[in-house]
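Peer 1: Sharing a structure with you now.
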Amino acid sequence: MLALSFPKFGHPACGWIALAPLLVALASPVSRASLRRSFALGLTTGAVYFTGTLYWITHVLAVYGDLPIWLAAILNAALIAYLALFPAIFTTVMCRALAAFGARAIAAAPLVWVATELGRTYLFTGFPWVLLGYSQASVLPIAQVASLFGVYGVSALVAAVSAAAANWVVTPAQPGRWKPVAAVASVIVIVAVWGSGRAAAAEWTRTGEPIRVGLVQGNVDQAQKWDPSRKASIFRDYVNLTRQAIGAGAELVLWPESSTPFQFEEDRDRADADVLRALARQARVSILLGSDQIERGKIYNSAFLVREDGSTAGVYRKMHLVPFGEYVPLQRLLFFAAPLTDQVGTFSPGVNPELLPFDGHFISTAICYEIVYPDFVRRFVAAGSELLTTITNDAWFGRTSAPYQHFEQASMRAIEEGRYLVRSANTGISGIVDPYGRVIERTAIYETTVAVGQVRFLRTTTVYARIGDVFAYASVALTLALVVLARRRVQ
Numbered sequence: 040m041l042a043l044s045f046p047k048f049g050h051p052a053c054g055w056i057a058l059a060p061l062l063v064a065l066a067s068p069v070s071r072a073s074l075r076r077s078f079a080l081g082l083t084t085g086a087v088y089f090t091g092t093l094y095w096i097t098h099v100l101a102v103y104g105d106l107p108i109w110l111a112a113i114l115n116a117a118l119i120a121y122l123a124l125f126p127a128i129f130t131t132v133m134c135r136a137l138a139a140f141g142a143r144a145i146a147a148a149p150l151v152w153v154a155t156e157l158g159r160t161y162l163f164t165g166f167p168w169v170l171l172g173y174s175q176a177s178v179l180p181i182a183q184v185a186s187l188f189g190v191y192g193v194s195a196l197v198a199a200v201s202a203a204a205a206n207w208v209v210t211p212a213q214p215g216r217w218k219p220v221a222a223v224a225s226v227i228v229i230v231a232v233w234g235s236g237r238a239a240a241a242e243w244t245r246t247g248e249p250i251r252v253g254l255v256q257g258n259v260d261q262a263q264k265w266d267p268s269r270k271a272s273i274f275r276d277y278v279n280l281t282r283q284a285i286g287a288g289a290e291l292v293l294w295p296e297s298s299t300p301f302q303f304e305e306d307r308d309r310a311d312a313d314v315l316r317a318l319a320r321q322a323r324v325s326i327l328l329g330s331d332q333i334e335r336g337k338i339y340n341s342a343f344l345v346r347e348d349g350s351t352a353g354v355y356r357k358m359h360l361v362p363f364g365e366y367v368p369l370q371r372l373l374f375f376a377a378p379l380t381d382q383v384g385t386f387s388p389g390v391n392p393e394l395l396p397f398d399g400h401f402i403s404t405a406i407c408y409e410i411v412y413p414d415f416v417r418r419f420v421a422a423g424s425e426l427l428t429t430i431t432n433d434a435w436f437g438r439t440s441a442p443y444q445h446f447e448q449a450s451m452r453a454i455e456e457g458r459y460l461v462r463s464a465n466t467g468i469s470g471i472v473d474p475y476g477r478v479i480e481r482t483a484i485y486e487t488t489v490a491v492g493q494v495r496f497l498r499t500t501t502v503y504a505r506i507g508d509v510f511a512y513a514s515v516a517l518t519l520a521l522v523v524l525a526r527r528r529v530q
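For the sequence shown, the positions run 40 to 530 when our numbering is used.
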């Protein structure tokens, strides 16, 4: 049920009851689980959860990492096994709490689940893909909770329904068992009514300075991207698509991550860069593009903003690199995985969350999977970003679930921060999302196209933008307190 809560094969409704069977298995009086069995249940749940949502990594490693399929499968299995430890920690904590406090401990399940999701976000560089709250990214009345407590707040709300359902099942003889169900149902109704009203009012879609943004989706096959014989045609196609966007009224045009088949500021590629700068001057538009950057022997995955006069307004260097995609962690130990970075080199991380100046405003960009880190994006807004942009190259993912998952996770950042989000992806999905999570423009995958729409520069902030992941950290603190109290009680 967890795996089926996410696109492209799943449905958001599955998320609401996904944890209920697991909690019933842990809490049923006739089969109260031991710590060892609880850990095994959580590990099995995690293995199915992440195999069903991250199966595409094997394809990426085999096709683009030039690894044998068996080795790609082993590496993917290792990642899945690591991620499965977090549901296993969840079940272990819940087992201890249930042994100490009985079925009423089920009420703590949403907080414990959120605590493990926060751990998954940060430990060992983190991999917060398909957090439970992301399953509701397209259910806008519920997703508005993210403007208060971030995606973790949505996760807790969804998990609470499973907890109430499990409590109903495991306490058939208790006369008050309807109370948790009634309480959770009341909260869901209140949230849905409030969220519907918030999204319908859409106050921030009528404030701030408007601007038309064009998204270029070049649809360049990853195998052809660095083919010298294709360099000229790829660049020509991007220039023509940019002219198409300009013709539709775009004032700011976005190219995807690493879109240029050359290094933008290198002397050997100056002629191509001059063509792009000339286009910006002639059309009086700004262009945000992704390109590799070399400085002092280091390679950076960067985003360049070219002004209307053709000069470079600013450069952002990707800070959160993709393990085994842009660098190999513990490279000496994992020498056999080095082919993964042979084609793109080993990148260095950027240091500062640079804002890019645009006509009296500041915009920010997240490159590729940086967008799935909630607090990372919040840092840019706290620094003054008025428009969120993200550029990515999802060609690695093929026609798997990953491009759909990636887009919906990016959409959640717009709700959290109260900002428009614009996304340019090489092979899709590109799109524009308003501050309430409504998708204004959206392209299909694997089509060469342009999308143009209006966004606004905004300076107002959401509760989440101001307080960050306070709710998630409070969940960690309460989970630790629960573990301590349960241990004392059992002893």
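Backbone N, C-alpha and C define an ideal beta-carbon position, used for all residues, glycine too.
Classify Ile506 as buried or exposed, calling it buried when 16 or more other Cβ atoms lie within 10 Å of its own Cβ.
Peer 2: exposed
Peer 1: May I have the straight-line CA-CA distance separating Tyr459 from Phe188, to the nearest angstrom?
Peer 2: Each residue's alpha carbon lies about 18 angstroms from the other.
Peer 1: Nearest-angstrom Cα distance between Ala112 and Phe436?
Peer 2: Ala112 and Phe436: Cα-Cα distance of roughly 15 angstroms.
Peer 1: Between the alpha carbons of Ile119 and Ser194, how many angstroms are there, rounded?
Peer 2: 20 angstroms
Peer 1: Would you list, in sequence order, the uninterrupted beta strand (DSSP E) runs of no fewer than 3 residues that lie entirely inside the region 269-346?
Peer 2: 291-293, 325-334 and 337-345
Peer 1: Rounded to the nearest angstrom, how far is the Cβ of Thr487 from that of Trp243, given a contact under 8 angstroms?
Peer 2: Contact between Thr487 and Trp243 does not hold, since the beta-carbon distance rounds to 32 angstroms and is not under 8 angstroms.
Peer 1: Is it buried or exposed, Glu290, if we count other Cβ atoms within 10 angstroms and call 16 or more buried?
Peer 2: buried
Peer 1: Report yes if the C-beta distance between Ala202 and Pro149 is below 8 angstroms; otherwise report no.
Peer 2: yes
Peer 1: Between the region 223-232 and the region 83-91, can you find at least three pairs of beta-carbon atoms closer than 8 angstroms?
Peer 2: no
Peer 1: Please classify Gln213: does DSSP put it in a helix, a strand, or coil?
Peer 2: coil
Peer 1: Whole angstroms are fine: how far does the CA of Ala136 sit from the CA of Trp207?
Peer 2: 18 angstroms
Peer 1: Could you check the C-alpha separation between Pro388 and Ala182 for me, to the nearest Å?
Peer 2: 32 angstroms
Peer 1: Between which two residues does the beta strand (DSSP E) holding Phe496 run?
Peer 2: Thr488 to Phe496
Peer 1: Skipping 5 residues on each side, what residues in its chain have a beta carbon closer than 6 angstroms to that of Asn432?
Peer 2: Pro295, Glu296, Ser297 and Asn465
Peer 1: Determine the contact status of Val292 and Gly257, defining contact as a CB-CB distance below 8 angstroms.
Peer 2: The answer is no: Cβ separation not under 8 angstroms.
Peer 1: Could you compute how far the alpha carbon of Ala64 sits from the alpha carbon of Ala142?
Peer 2: 12 angstroms
Peer 1: Spatial neighbours of Val69 within its chain, please: CB distance less than 7 angstroms, with the 5 preceding and 5 following residues excluded, ordered by chain position.
Peer 2: Since pLDDT at Val69 reaches only 47, below the 50 mark, its modelled position is unreliable, and the value read off the structure follows with that caveat. Cβ neighbours of Val69 beyond the five flanking positions: none.
Peer 1: Whole angstroms are fine: how far does the CA of Pro249 sit from the CA of Glu447?
Peer 2: Annotation: Glu447 to Pro249 spans about 24 angstroms, alpha carbon to alpha carbon.
Peer 1: Evaluate contact between the region 218-227 and the region 396-404, counting only Cβ atoms and requiring at least three cross-stretch pairs below 8 angstroms.
Peer 2: no
Peer 1: Pick out whichever of Gly423, Cys407, Tyr408 and Ile471 has its Cα sitting closest to the Cα of Leu395.
Peer 2: Minimum Cα-Cα distance from Leu395 among the listed residues Gly423, Cys407, Tyr408 and Ile471 corresponds to Gly423.
Peer 1: By DSSP, does Gly437 sit in helix, in strand, or in coil?
Peer 2: coil
Peer 1: Please determine if the region 472-483 and the region 146-160 are in contact, where contact requires at least 3 C-beta pairs separated by less than 8 angstroms.
Peer 2: no
Peer 1: Please go through the region 102-142 and give each complete alpha helix (DSSP H) segment of 4 or more residues, from N-terminal end onward.
Peer 2: Along the region 102-142, the alpha helix (DSSP H) occurs as fully enclosed runs of 4 or more residues at 108-140, listed in sequence order.
Peer 1: Quick one, are the C-beta atoms of Ala238 and Leu179 less than 8 angstroms apart?
Peer 2: Contact flag set, yes.
Peer 1: In the DSSP assignment, what are the bridge partners of Ser403?
Peer 2: DSSP lists Leu427 as partners of Ser403.
Peer 1: Can you give me the C-alpha to C-alpha distance between Tyr355 and Tyr443, rounded to a whole angstrom?
Peer 2: 25 angstroms
Peer 1: Going by alpha carbons, who is nearest to Glu393 out of Val411, Thr385, Ser469 and Val416?
Peer 2: Glu393 has its Cα closest to that of Val416, out of Val411, Thr385, Ser469 and Val416.
Peer 1: If you run the structure through DSSP and keep just helix, strand and coil, what is Trp207?
Peer 2: helix
Peer 1: Can you tell me the Cα-Cα spacing of Gly329 and Gly49, whole angstroms?
Peer 2: The alpha-carbon atoms of Gly329 and Gly49 are separated by roughly 32 angstroms.
Peer 1: If the criterion is Cβ atoms closer than 8 angstroms, does the pair Arg138 and Leu521 meet it?
Peer 2: Correcting the residue type first, residue 138 is Ala in the shown sequence and not Arg. Contact: no.
Peer 1: Compute the distance between the beta-carbons of Lys357 and Ile406, then report whether it is under 8 angstroms.
Peer 2: yes
Peer 1: Measure the Cβ-Cβ separation of Val361 and Tyr412 and say whether it is below 8 angstroms.
Peer 2: no
Peer 1: Out of Ala101, Ala42 and Ser268, state which residue places its alpha-carbon closest to the alpha-carbon of Thr92.
Peer 2: Ala42
Peer 1: Within this structure, are the beta carbons of Val420 and Glu456 separated by less than 8 angstroms?
Peer 2: yes
Peer 1: According to DSSP, simplified to helix, strand and coil, what is Gly85?
Peer 2: helix
Peer 1: Using three-state DSSP, classify Trp472 as helix, strand or coil.
Peer 2: Note on residue identity: the sequence assigns Val, not Trp, to residue 472. If DSSP states are grouped into helix, strand and coil, Val472 belongs with the strands.
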